[in-house]
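If you read the sequence shown in the UniProt record's numbering, its first letter stands for residue 1, the second for the next number, and so on. The next block holds one structure in the form of structure tokens; read it before the comments.
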Amino acid sequence: MFSIRNNYLSSTEIHSVLVAIFYGLMSLSMNFLNKVVVSSYSFNYPCFIMFSQTFLSLLILWFGEKLSLIKIKKYSQSAAYDFLLPSVSHALHSTLSLIALKGMNIPMYAALKRCTPLVNLFLSVHVLGKEWPSWSIIGSIFSITIGCLIAGVGDYDFDIFTYTVGALSVLAQGLYLTFVQKKCNSTMSVLDMIFINSWNTLPFFMFTSLILGEPMDIWEKGHTFLDPVFLVSVITLSMAGFLLVYSQFLCTTVCSALTTSLVGVAKSVIQTFVGFFTFGGVKFNIINILGLSLNTLGGIIYTSVKHTKAHDNPLLPKNKSSTISLETQK
Numbered sequence: 001m002f003s004i005r006n007n008y009l010s011s012t013e014i015h016s017v018l019v020a021i022f023y024g025l026m027s028l029s030m031n032f033l034n035k036v037v038v039s040s041y042s043f044n045y046p047c048f049i050m051f052s053q054t055f056l057s058l059l060i061l062w063f064g065e066k067l068s069l070i071k072i073k074k075y076s077q078s079a080a081y082d083f084l085l086p087s088v089s090h091a092l093h094s095t096l097s098l099i100a101l102k103g104m105n106i107p108m109y110a111a112l113k114r115c116t117p118l119v120n121l122f123l124s125v126h127v128l129g130k131e132w133p134s135w136s137i138i139g140s141i142f143s144i145t146i147g148c149l150i151a152g153v154g155d156y157d158f159d160i161f162t163y164t165v166g167a168l169s170v171l172a173q174g175l176y177l178t179f180v181q182k183k184c185n186s187t188m189s190v191l192d193m194i195f196i197n198s199w200n201t202l203p204f205f206m207f208t209s210l211i212l213g214e215p216m217d218i219w220e221k222g223h224t225f226l227d228p229v230f231l232v233s234v235i236t237l238s239m240a241g242f243l244l245v246y247s248q249f250l251c252t253t254v255c256s257a258l259t260t261s262l263v264g265v266a267k268s269v270i271q272t273f274v275g276f277f278t279f280g281g282v283k284f285n286i287i288n289i290l291g292l293s294l295n296t297l298g299g300i301i302y303t304s305v306k307h308t309k310a311h312d313n314p315l316l317p318k319n320k321s322s323t324i325s326l327e328t329q330k
């Protein structure tokens, strides 16, 4: 993600590092917040949760523009169609991830999600038309993937439906990140992308939630809203959802889809270890330890290679046109 030149990092490289860290922190916190709301409170309504997050995102952007804090393009039919593929893959990824998270413990959920870099590796070549990276990069990605598969073998609560949904969410996330990166050289800013994506996906989440009968079930369980901890969790989850989408779009445009997915891998390693001791915990076994060790080794190899050969890596953008500032446009 960045290189060392004369032992100093350029401002662009520092910017990329900060963006990646920002995305990693938001992604890490969101998984635990989702688990609190979905599992601890039996609030298993993924489409309603995504509708709330998307609606709040639109409100934040609308107020920001009215207060002249930001500037975003108007939503139009042409813009909606142009961003349709990223929106569809985002909607599928978000919904499928929440369904999978409900039926899996956090360590195994994280292990499955670590397969995303492998998906992005192939998509970056066949969809974005980029060259194959070095063998060391390919080897590190396969090490990460094989490690997560080995760790997943240790799940004694294996459920074919849950794992199938989780695998589909990995594919959807890979497509989502790749399509967003494909749009990063257009005239759209990060906030433009979020605004258009929110309008595109809001009807999907709303109608799907209604078809599944989620609002009626929520109404029947209205007593849960009397719990102040639950209310704070839902509100925080909705607000954090906007920040997660922003950080993910930003990381993908500033860095690359592959780098963004690998930041997710680093995050999920931390998430896995914390997950062993939260939400009921998970028993350690030799298979988990072996898989996590192999996964971590792959991450170390990848980081080392990127450290020394970032300026020669074809999977990272080399021009400044793809770099978008953290600051909102005024």
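From the three backbone atoms N, C-alpha and C, an ideal C-beta is built for every residue, glycine too.
Bounding residues of the alpha helix (DSSP H) (the contiguous stretch that carries residue i)
i           : result
residue 255 : No alpha helix (DSSP H) contains residue 255, which DSSP labels as neither H nor E.
residue 187 : It is not in any alpha helix (DSSP H) - residue 187 carries neither H nor E in the DSSP assignment.
residue 63  : 46 to 66
residue 102 : 84 to 103
residue 125 : 116 to 126
residue 109 : 106 to 113
residue 218 : 214 to 220
7 Å Cβ shell around residue i - same chain, five flanking residues per side excluded
i           : result
residue 249 : 180, 190, 193, 194
residue 44  : 38, 102
residue 162 : 100, 103, 104
residue 200 : 80, 83, 84, 87
residue 325 : The predicted position of residue 325 is uncertain, since its pLDDT is 28 and thus under 50; a value taken from the coordinates is nonetheless stated next. Counting only Cβ-Cβ distances below 7 Å, and skipping sequence neighbours, we find nothing.
Chain-order list of residues whose beta-carbon lies under 8 Å from that of residue i (same chain, five-residue window excluded)
i           : result
residue 171 : 119
residue 65  : 71, 72
Exposed unless 16 or more other CB atoms sit within 10 angstroms - verdict on residue i
i           : result
residue 293 : exposed
residue 214 : buried
residue 19  : buried
residue 54  : buried
residue 14  : exposed
residue 316 : A caution first: residue 316 carries a pLDDT of 43, below 50, which makes its placement in the model too unreliable to give a value.
residue 198 : buried
residue 247 : buried
residue 94  : buried
residue 285 : exposed
residue 83  : buried
residue 331 : What the structure shows of the chain is the stretch from 1 to 330, and residue 331 is not part of that stretch, so it cannot be assessed.
residue 137 : buried
residue 81  : exposed
residue 116 : buried
residue 289 : exposed
residue 35  : buried
residue 298 : buried
residue 108 : buried
residue 187 : exposed
residue 371 : No answer is possible for residue 371: it lies beyond the span of the chain, which begins at 1 and ends at 330.
Beta-carbon proximity of residue i to residue j, cut-off 8 Å
i           : j           : result
residue 148 : residue 112 : yes
residue 56  : residue 239 : yes
residue 150 : residue 291 : yes
residue 165 : residue 99  : yes
residue 175 : residue 89  : yes
residue 237 : residue 33  : yes
residue 96  : residue 168 : yes
residue 234 : residue 23  : no
residue 226 : residue 182 : no
residue 267 : residue 121 : no
residue 178 : residue 134 : no
residue 362 : residue 301 : Residue 362 falls outside the range modelled here, since the chain spans only 1 to 330, and no answer is possible.
residue 75  : residue 196 : yes
residue 153 : residue 270 : no
residue 31  : residue 146 : no
Cβ shell of residue i (< 6 Å), same chain only, five flanking positions each side left out
i           : result
residue 60  : 242
residue 202 : 54
residue 245 : 194
residue 209 : 47, 48, 51
residue 328 : Reliability of the predicted coordinates at residue 328 is poor, the pLDDT of 30 falling under 50, and no value is obtained from them.
residue 232 : none
residue 58  : 198
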